[in-house]
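Asker: Following the UniProt record's numbering, the numbering of the sequence shown begins with 1 at its first residue and continues without gaps.
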Amino acid sequence: MADEEVLAGGGVNHVVRAGETVRRPTGPWTPAVHALLGHLAARGFAGAPRSHGIDGKGREILDFVPGRTADYPLPGWARSDDALVAAGELLRRYHDATAGFEAPPGAEWYFPAVSPAEVICHGDVATYNCVFREGLPVAFIDFDTAHPGPRVWDVAYAAYRFVPLTDPQHADGRPVGEQTRRLSLFAGAYALGEEDCGALVETARARLEHLVRHMHERAAAGDEAFAGHVARGDDVLYECDVAHLTRHEAVLRRALTCRSPRSGH
Numbered sequence: 001m002a003d004e005e006v007l008a009g010g011g012v013n014h015v016v017r018a019g020e021t022v023r024r025p026t027g028p029w030t031p032a033v034h035a036l037l038g039h040l041a042a043r044g045f046a047g048a049p050r051s052h053g054i055d056g057k058g059r060e061i062l063d064f065v066p067g068r069t070a071d072y073p074l075p076g077w078a079r080s081d082d083a084l085v086a087a088g089e090l091l092r093r094y095h096d097a098t099a100g101f102e103a104p105p106g107a108e109w110y111f112p113a114v115s116p117a118e119v120i121c122h123g124d125v126a127t128y129n130c131v132f133r134e135g136l137p138v139a140f141i142d143f144d145t146a147h148p149g150p151r152v153w154d155v156a157y158a159a160y161r162f163v164p165l166t167d168p169q170h171a172d173g174r175p176v177g178e179q180t181r182r183l184s185l186f187a188g189a190y191a192l193g194e195e196d197c198g199a200l201v202e203t204a205r206a207r208l209e210h211l212v213r214h215m216h217e218r219a220a221a222g223d224e225a226f227a228g229h230v231a232r233g234d235d236v237l238y239e240c241d242v243a244h245l246t247r248h249e250a251v252l253r254r255a256l257t258c259r260s261p262r263s264g265h
């Protein structure tokens, strides 16, 4: 086997590169995720790695997707309007490509399905799970948290990460006026329907509350990675962002005057 290189940005997982592949820990959700990646490949969606089974150490084998990811503090190229629009368009293509996917019998997902199950949500669309080339997102990685759900469940969290919809006092925060402008750009790039536009801010808040609960549950269960997040104060940051979304919900919603031929989606 080729020499292994530990990859930065693996989040809660130990991720290594071996040649042109990536090796990652598996979980009960892995068969469903591999079936999803196979479906995406069959549909011609190039914005995700292909899976190649399990190696002798019990790790999943995935394509290495060349490019750069963007962690915090975000570099300038990940903060551009062009990157924001490209992320929205990529997410739309991904969701559309999941149409018709049938999970294998007895499939398990990291998170339970969220109703209505319109698509297979990625579950963690963020700059650190996006591969960028020439400053633009071209692929998503780390599908561990994929699960069935409504489009807006994924879109709202992606908007939180890419706009970003965070308290302006936080690192990478932007003034509220800039957030409204960029939120409108992102929703338009995705071609988000009118009903989902109306629900996006409330959904982003619910998504962050869900994240904080999950973080606390995993930390209480002895998960060292999530315990580290709590010790670092990540949960407090998310709670501040929930309060920010509550304070500015009206102005953010007014920015989402989405009208699209695809509004029935």
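Cβ atoms here follow ideal geometry from the backbone N, Cα and C, with glycine treated the same way.
Taking the alpha carbon of residue 50 as the point to measure from, which residue in 23, 88, 58 has its own alpha carbon closest?
Answerer: Per the Cα distances, 23.
Asker: Straight-line CA distance for residue 17 to residue 7?
Answerer: Each residue's alpha carbon lies about 7 Å from the other.
Asker: From residue 104 to residue 31, what distance separates their C-alpha atoms?
Answerer: Roughly 8 Å separates the two Cα atoms.
Asker: Who are residue 21's beta bridge partners in DSSP?
Answerer: DSSP output for residue 21 lists 18, 63 as bridge partner(s).
Asker: In the DSSP assignment, what are the bridge partners of residue 138?
Answerer: Answer is none; residue 138 lacks a bridge partner.
Asker: Would you kindly work out how many angstroms separate the C-alpha atoms of residue 194 and residue 125, rounded to a whole number?
Answerer: So the two alpha carbons sit approximately 21 Å from each other.
Asker: What are the residues that DSSP puts in a beta bridge with residue 132?
Answerer: Residue 132 pairs with 68, 137.
Asker: CA-CA distance, residue 115 and residue 220?
Answerer: Their backbone Cα atoms lie some 27 Å apart in a straight line.
Asker: Applying the 10 Å Cβ sphere with the 16-neighbour rule, what's the burial state of residue 246?
Answerer: By the 10 Å Cβ count, residue 246 comes out exposed.
Asker: Which whole runs of the alpha helix (DSSP H) in the segment 190 to 234 are 4 residues long or more, in chain order?
Answerer: List check, alpha helix (DSSP H) in window: 194 to 220, 224 to 232.
Asker: How far does the alpha helix (DSSP H) with residue 38 in it extend, from its first residue to its last?
Answerer: Note, residue 38: alpha helix (DSSP H), 30 to 42.
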